Structure formats: C-alpha cells, structure tokens
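One structure is given below, encoded as structure tokens.
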Amino acid sequence: MKKWAVIATWKMAENGVKITSRLLSEGTAGKEAVIDGVADVEDNPSFHSVGYSGRPNRDCRVFLDGGFMDGDTLHFGAVGAVEGFRSPVRIAKSLIDREANNFLAGPGAEEYAERNGFEKRDNLTEEMKELYQAEKEKRKKLSAYDGHDTVCFLTLDQAGSLCAAVSTSGLFMKDPGRLGDSPVCGSGFYADSEAGAAAATGMGEEIMKGCLSYAAVSMMKHGMSAMEAAQKAVSDLNDTLIRRNGHADPMSLICLGKDGSFGVGTNIEFTFVTADDEHEAVVMTAKPLGDRTVISVYEEH
C-alpha cells in the first residue's frame, strides 16, 4: 500500500508530476495537489495540445476542455469549448459541489468563469497561427496522437482519497462546437476512492463508445488490479471496434488503484509519468503487444 501516488499521461506532464509529488509528500490533499500539476502543463507554451498555445480549431480559435472528479464523493465538474481563459481544469474543479449544472460548455461556461473571476488569457499564439496557415488547405484526416494529446492526472493522497483531473485543447482543426471524451465523466475520467481511478487520452469519439474510464474503474471495483483493468478495458473496446467497424483509432488509458498501484492500457505507443512515496517521477513508455501492454523506461530518440 502506497502512502501516496500520482500518474499522468505523456512526457509533457513530467514537471507537473514533480510538483504534484512534492505537494502529496507534504500531506496536501490530492484534489489540490493535482490541480497544480495539470495547471503547470496548461501554462507551458511548449506543449501544443493543452492550454496556452493549444492547437486551434477549423476557424483558428483555441477552445479548451477540462474535467475533475473527487473520488470520495463522486462529485465531478467539467467544462467544454471554453475560449479565452487560462485554466479549464480550475474552472471544472470549482463546479464539483453544485447540486446541478456541473458540466458547462461554450458561452455558458465562459459566462460562469468570468462571473467567478477566473483568469482570462488569449491562448492562441503566433506559432499556432503559423501552423494553422500552413495546414488549413490540407485535407488530412483528423487524428489523435498527432499533437492533440490530453493531459490526465490521477492521484492518491495520504488520506486515501483518489481524484482525477484532465485538460485538453482537443483535435487540431476540429469543427466548431466539437467535444471529445476528455470533459465527459465516465469516458475521459472517473475516480472512486473505494475502487480506483482512470483517465483516457486518444481519439475521443472512440473512447466514448466504451465509456473507457468508468469501465476500468468498474473492473477494479470487482477485484482487478489497476494494471489488469487498464489492459482489459482497452483490449475489450479495441477488439469490439475492430469487430464492428474494421478498425480502432488510437486510445490509451491510465489507472490508479486504491492501494496506489498504477496500470496502463493502450493500442498505440505512448508515454506516461508516475511517482509515489517510494519512487521519484519517472517517464515510461507503453507499447501494445497483443492484448497486453509492455512498459519500459522512456529513452530520448
């Protein structure tokens, strides 16, 4: 049993995991520590799939999505298609204790954020404007894992509480109004302190077909380890989609058990970061091998 633990998607989360790890080691509640970790990614213009300098939509506008879930209460908050604000994950977290109206999107979410004093920011950078101009005439298929990667954090704190937090700018050149799985509770993220937590990254339209995060947590609730649940949830959905449609788009899943053990499932190579009270933050690579996932320490190419 770990005293505390954190896992996050993608190498870009490494510094955020270090921030979260320090806070968790000091006894900070997970639902506070995790927000600082995600916000670190949201604020870094080097990463073009989350927050500032996120990739724009078809109209060259950056819309952000975020979600948060408290595993103790099962309360969640989420925002989708938010433009002009610094941190969608902070806005999402502020919605968790409402009796209703926990998931806000578009102008309604923006009006709520402004009314409640959340910091504004133009997230469209010159670099992304140039990319948009270079790519807008190309008719390439929208795809995940081409710089459109959701950052997902899962934490277990010293009180035994689990939580999940996610943030993304979504698919590059997405249609106006498009929402993926990230802000959808049960698909993009889910946390239950009595069972486990999970969060997904990849093609949202595929992930939502299997409510992937909830599926994995349900498996943990029924006795599977975090690793078993992550791999089975992805494998089952991947196989179902191939059987029904002839193919399955990229998807990856991270899990965290109530004992602090982590799990990863994927149908494509991706990176993640993990740390706990016994190990400092380390970047790992996950690769699919049949219905299993092979994990190794990340090496720069």
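In the numbering used here, the protein residues as written are 161 to 461. Glycine included, each C-beta is placed from N, C-alpha and C at the ideal position. Here the structure is a predicted model, which means the values were calculated and not measured.
Practice item. Output yes or no for whether 9 angstroms exceeds the beta carbon distance between residue 435 and residue 210. Key: no
Review point. Alpha helix (DSSP H) containing residue 248: first to last residue?
Key: 248-253
Check your understanding: Under a three-way DSSP split, which group does residue 191 fall into?
Key -> helix
Review point. Is the distance from the Cβ of residue 401 to the Cβ of residue 366 below 9 angstroms?
Key: yes
Review point. Going by the CB atoms, is the gap between residue 332 and residue 215 shorter than 9 angstroms?
Key: yes
Point to revise | Whether residue 226 touches residue 250 by CB criterion (9 angstroms) | key: yes
Check your understanding: What's the call for residue 449, buried or exposed, on a 16-neighbour Cβ count within 10 Å?
Key -> exposed
Exercise for review: Specify the secondary structure class of residue 433 as computed by DSSP and reduced to three states.
Suggested key: strand
Point to revise | Validate contact between the segment 369-388 and the segment 337-354 using beta carbons, cut 8 angstroms, 3 pairs | key: yes
**Study point:** When 350, 398, 364, 362 are compared against residue 380, the one with the closest alpha-carbon
**Key:** 350
Review point. Can you tell me whether residue 132 is buried or exposed, with buried defined as 16 or more other CB within 10 angstroms of its CB?
Key: Since the first residue shown for the chain is 161 and the last is 461, residue 132 is missing from the structure and cannot be characterised.
Exercise for review: Note down the Cα distance separating residue 330 from residue 218, rounded to an integer number of angstroms.
Suggested key: 12 angstroms
Point to revise | residue 402 in three-state terms, based on DSSP | key: helix
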